[in-house]
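Engineer: Under mature numbering (1 follows the signal peptide of the UniProt record, and there is no 0), residues -22 to -1, 1 to 245 are what the sequence shown spells out, in order.
By construction, the Cβ of each residue, glycine as well, lies at the ideal position given by its N, Cα and C atoms.
What follows is a single structure, and I will ask about it in a moment.
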Amino acid sequence: MNTTRLAALTLACLALAPTAWATDKEWTLNIKQETNGLTIHLGGNTTVGDPGRRIKGSGRVVEPQRSLAPFSRVQVKGPVDVVLVQGEREEARVRADDNLEALVTTQVEGDTLTVALKPGASFSTRTDLRVTVQFKQLQGLQLSSSGDAKLDRFKGEKLALELNGSGDLRIGQLEVRELTAQLSGSGDLQLAGSAERQDWSLSGSGDVGARSLSGQKVRARLSGSGDLDLGVCQELDAELSGSGDLAYAGRPVVKSRVSGSGELMGR
């Protein structure tokens, strides 16, 4: 992103600070680069895209239901938060201002549901955009931008996770035989439950909190600055070539190769 443009935007946002301070007890400034421009969060306000074409949210919040074709994978793009619910059918509910709801797309192609914004979408809103997705089957979940995702409970055979943006993922209770997770961005992952076989690949700055996730055989490759905090397992195959640390619980049989500054530590 052009540094001159970023500086100008930052100064403009700071100029709004007195207004934000007059109405809110505290405010925060967060600027992120998106494929369709910039996303700026100032206090409770979110702005996306080109200022010259920006639509202002009406403040009238709606949450219509959308029927979906069957899918087994979900991809999240853009500054949209997603709540995933395992259920008996495939559907989505989009929470947004009534004049912005149509800018959020929920499209199924093949076996993949993509949650995103329409190309060129530009708006400002004080409403948190949220899409609640109900699914029957889930094999893969990918976060490729700044949107966060939450999954309270999931039970299945296998699950593949991919975080390559700044969005965070929280999984409350997981029960699978096989878990694969790749983190290449700054987004963090928190999860609990059980996964018999675990395969971790961390090449970015995102951290993984899996202290409450038990397993049997775990393979971990850390080449970035992100840390991996594992739970109890029986076998651990670890390779550390970056600055990220790996911590584990219990007394597993450990096979390790450490060539970077990261540390392998038992708790």
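Quick one: Cα of ASN77 to Cα of SER162, how far?
Structural biologist: About 35 Å.
Engineer: Pick from VAL39, GLU66, GLY209, SER50: whose alpha carbon is nearest that of SER168?
Structural biologist: In the sequence under discussion, the amino acid at residue 168 is Gln, which differs from the Ser named in the question. That would be GLY209, whose Cα lies nearest to the Cα of GLN168.
Engineer: Take LYS96 and list the residues in its own chain whose beta-carbon comes closer than 7 Å to its own, dropping the five residues that flank it on each side.
Structural biologist: LEU81, THR83
Engineer: By the DSSP assignment, the beta strand (DSSP E) with THR105 in it spans what residues?
Structural biologist: Counting along the chain, THR105 falls outside any beta strand (DSSP E), and DSSP gives it neither H nor E.
Engineer: Between SER100, GLU87, SER221, which has its C-alpha nearest GLN53's C-alpha?
Structural biologist: GLU87
Engineer: Under a Cβ-count criterion, where at least 16 other Cβ atoms within 10 Å of its own Cβ denotes burial, should LYS55 be classed as buried or exposed?
Structural biologist: buried
Engineer: Does the distance from the C-beta atom of ARG73 to that of ASN23 stay below 7 Å?
Structural biologist: No, they are not a contact pair.
Engineer: Using 10 angstroms around the beta-carbon of ASP28, count the other beta-carbons present and answer buried if the total reaches 16, otherwise exposed.
Structural biologist: exposed
Engineer: Which value, in whole angstroms, describes the spacing of the CA atoms of LEU46 and PHE132?
Structural biologist: 20 Å
Engineer: Quick check: the Cα distance between ARG175 and ALA225, rounded to an integer number of angstroms?
Structural biologist: 17 Å
Engineer: What's the gap between the Cα of LEU218 and the Cα of GLY204?
Structural biologist: 11 Å
Engineer: Residue range of the beta strand (DSSP E) that VAL186 falls in?
Structural biologist: 186 to 192
Engineer: Report all residues from its chain with a CB closer than 6 Å to the CB of SER237; omit the five preceding and five following residues, and keep chain order.
Structural biologist: SER219
Engineer: On a Cα-Cα basis, can you pick out the residue from LEU147, GLY98, ASP166, ASP177 that is closest to ALA127?
Structural biologist: LEU147
Engineer: SER181 and GLY165 - do their beta-carbons sit closer together than 7 Å?
Structural biologist: Cβ distance not < 7 Å, so GLY165 and SER181 don't count as in contact.
Engineer: Just grab the DSSP bridge partners of LYS128 for me.
Structural biologist: VAL61, ARG148
Engineer: Can you tell me whether DSSP reads LEU81 as helix, strand or coil?
Structural biologist: helix
Engineer: Relative to the alpha-carbon of GLY202, which residue among GLY134, VAL154, LYS136, TRP178 has its alpha-carbon at the smallest distance?
Structural biologist: TRP178
Engineer: Using a 10 Å radius around the Cβ and a threshold of 16 neighbouring Cβ atoms, would you call GLU4 buried or exposed?
Structural biologist: Its pLDDT being 36, under 50, GLU4 is placed unreliably by the model, and the measurement read from it follows with that caveat. Exposure of GLU4 is indicated by the presence of fewer than 16 other C-beta atoms within 10 angstroms of its C-beta.
Engineer: Output the distance between the C-alpha atoms of GLY244 and ALA170, rounded to the nearest integer angstrom.
Structural biologist: Looking at the backbone, the Cα of GLY244 and that of ALA170 are separated by about 19 Å.
Engineer: Thinking just about the alpha-carbon of each residue, which of ARG189, GLU135, VAL40 is nearest to the one in GLN117?
Structural biologist: GLU135
Engineer: Helix, strand or coil: which one does DSSP assign to ARG44?
Structural biologist: strand
Engineer: Can you check which of these residues, ASP223, ALA159, SER183, GLN212, is closest to THR231 by C-alpha distance?
Structural biologist: It should be noted that the sequence gives Val, not Thr, for residue 231. Ranked by Cα distance from VAL231, the first of ASP223, ALA159, SER183, GLN212 is GLN212.
Engineer: Helix, strand or coil: which one does DSSP assign to GLN11?
Structural biologist: With a pLDDT of 49 at GLN11, under the threshold of 50, the predicted position of this residue should be treated as unreliable, though the coordinate-derived value follows. Strand.
Engineer: For ARG31 and SER100, which I take to be in contact (beta-carbon distance under 8 Å), what is that distance rounded to the nearest angstrom?
Structural biologist: 5 Å
Engineer: Can you give me the Cβ contacts of LEU119 inside the same chain, cut-off strictly under 6 Å, excluding the 5 residues immediately before and after it?
Structural biologist: Cβ neighbours of LEU119 beyond the five flanking positions: VAL52, LEU139.
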